[in-house]
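Residue numbers (the UniProt record's numbering): 1 to 159. The beta carbon of each residue, even a glycine, is placed where N, CA and C say it ideally should be. Note that the coordinates shown come from a computational prediction; the quantities given were computed from them, not determined experimentally.
If you want it as structure tokens, here you go:
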């Protein structure tokens with residue numbers, strides 16, 4: 001898997017972890033949030049769906065760095081299945097990132113941001129998805145607080 005950093009280009013998850021370590025070291029007295037969120041976009045012209053997972057290291061009040069993983073899927077998918085696949089992909093990356101960061105003795109709680117909310121078609125999925133992510137050991141945010149999915153990943157799923 002290759003992540004894309006807007007400033008550093010293509011990176012492995014190990015390189016992402018090293019970059020996160022360097023970012024943390026730049027602001028030892030700052031508060032950080034580590035976020036993983038996914039979004040998807042059907043591309044009907046290509047009869048496909050693009051899934052994007054974002055890793056965001058947010059230095060609260062002072063900006064953030066992010067890393068994007070794009071995964072094309074060769075078929076269009078219905079909304080419910082797409083939302084569950086987004087959550088699954090975010091959980092997969094959160095777990096993998098957590099393992100890589102532990103090797104570097106970095107222990108930050110990971111927030112999983114879901115692109116669901118009280119408004120719209122996804123409101124019926126909230127309880128089930130939040131329960132799944134919470135039982136997996138991660139904090140969960142939904143719209144409007146889930147910017148890792150609904151803003152960062154969303155921006156790159158449209159391209």
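Excluding sequence positions up to five before and after residue 56, its CB lies within less than 7 Å of the CB of 35, 64, 66, 148, 152, all in the same chain and listed in chain order. Sequence-distant Cβ neighbours of residue 48 in its own chain, meaning closer than 8 Å and more than five residues away, are 42, 72, 73, 74, 75, 76. The three-state secondary structure of residue 113, taken from DSSP, is strand. The DSSP assignment places 64-73, 110-113 as complete runs of the beta strand (DSSP E) inside the stretch 58-138, in order along the chain (cut-off: 3 residues). Per DSSP, the beta-bridge partners of residue 34 are 57, 110. In the DSSP secondary-structure assignment, residue 3 is bridged to 11. In this structure, residue 87 sits near residue 114, with a CB-CB distance shorter than 7 Å. Under the three-state reduction of DSSP output, residue 40 falls in the strand class. Under the three-state reduction of DSSP output, residue 143 falls in the coil class, being neither helix nor strand. Taking a 10 Å sphere around the C-beta of residue 40, we find 16 or more other C-beta atoms and assign the residue as buried.
Here DSSP, grouped into helix, strand and coil, assigns residue 48 to strand. Under the three-state reduction of DSSP output, residue 27 falls in the coil class, being neither helix nor strand. Under the 10 Å beta carbon count, residue 1 is surrounded by fewer than 16 other beta carbons and is classified as exposed.
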